[in-house]
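Student: Residue numbers (the working numbering): 784 to 906. All C-beta atoms in this analysis are idealised placements derived from N, C-alpha and C, irrespective of residue type, glycine included. Since the structure is predicted, the reported quantities are computational estimates derived from the model, not experimental observations.
1) State the DSSP-derived secondary structure class of residue 827, mapped to helix, strand or coil.
2) Under a three-way DSSP split, which group does residue 807 fall into?
3) Can you name, in chain order, every residue of its own chain whose Cβ lies under 7 Å from the Cβ of residue 827, other than the five neighbours on each side?
4) Assuming residue 820 and residue 810 form a contact by the criterion Cβ under 8 Å, report the distance between their Cβ atoms to the nearest whole angstrom.
5) Bridge partners for residue 908 per DSSP, in chain order?
6) Alpha carbons only, please: which of 801, 890 and 832 is nearest the one belonging to residue 822?
7) What would DSSP say about residue 794, mapped onto helix, strand or coil?
8) Does the Cβ of residue 807 have 16 or more other Cβ atoms within 10 Å, making it buried, or fewer, making it exposed?
9) Quick one: measure Cβ to Cβ for residue 926 and residue 901, integer angstroms, because I've assumed they're closer than 8 Å.
10) Answer with buried or exposed for residue 798, where buried requires no fewer than 16 other C-beta atoms within 10 angstroms of its C-beta.
11) Would you list the one or two residues that DSSP bridges to residue 863?
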């Protein structure tokens, strides 16, 4: 990725974080079929990593479920489900401390084995 592309990615991530913390509706496409979305569960505000069915890798759902339960403490707070369209959704409540939100997003990408899309990781 070019320096400009990396800078744009970091700016987009910061805008996403700002929108989530402020309560504004948030939506950011990471790549084709993979997006971040603000997503409420009842009265709880949250963020969802949404992976459309066409973007799912073979066996990805099974691996995500295995990792979630084998490493329960590392992925505490992450909830996994399939939506009506068969998309894999990893949801997490917004934290009381906004400064940890970036870490939560990184953990969610890690759970889905999408490390390459995590711009907060130093390369």
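Tutor: In short:
1) As a working note, residue 827 is residue 44 in the chain shown. Reduced to three states, the DSSP call for residue 827 is strand.
2) To locate residue 807, count along the chain shown from 1; it is residue 24. In the structure shown, residue 807 sits in coil (DSSP, three-state: anything other than H, G, I, E or B).
3) For the purposes of this step, residue 827 is identified with residue 44 of the chain shown, where counting begins at 1. Excluding residues within five positions, the ones whose Cβ falls inside 7 Å are 876.
4) To locate residue 820, count along the chain shown from 1; it is residue 37. To locate residue 810, count along the chain shown from 1; it is residue 27. Yes, residue 820 and residue 810 are in contact; Cβ-Cβ is about 5 Å, under 8 Å.
5) Here the chain covers residues 784 to 906 and nothing more, so residue 908 does not appear.
6) Here residue 822 corresponds to residue number 39 of the chain shown, with the count starting at 1. Residue 832 is the option with its Cα nearest to residue 822.
7) Translated into positions along the chain shown, residue 794 becomes position 11. Three-state result, residue 794: helix.
8) Position 24 of the chain shown holds residue 807. With fewer than 16 Cβ atoms within 10 Å of its Cβ, residue 807 is classed as exposed.
9) Because the chain here runs from 784 to 906, residue 926 falls outside it and cannot be looked at.
10) Within the chain shown, the letter at position 15 stands for residue 798. Counting Cβ neighbours within 10 Å, residue 798 comes out exposed, since fewer than 16 surround it.
11) The count along the chain shown starts at 1 and reaches residue 863 at position 80. 873, per the DSSP bridge assignment.
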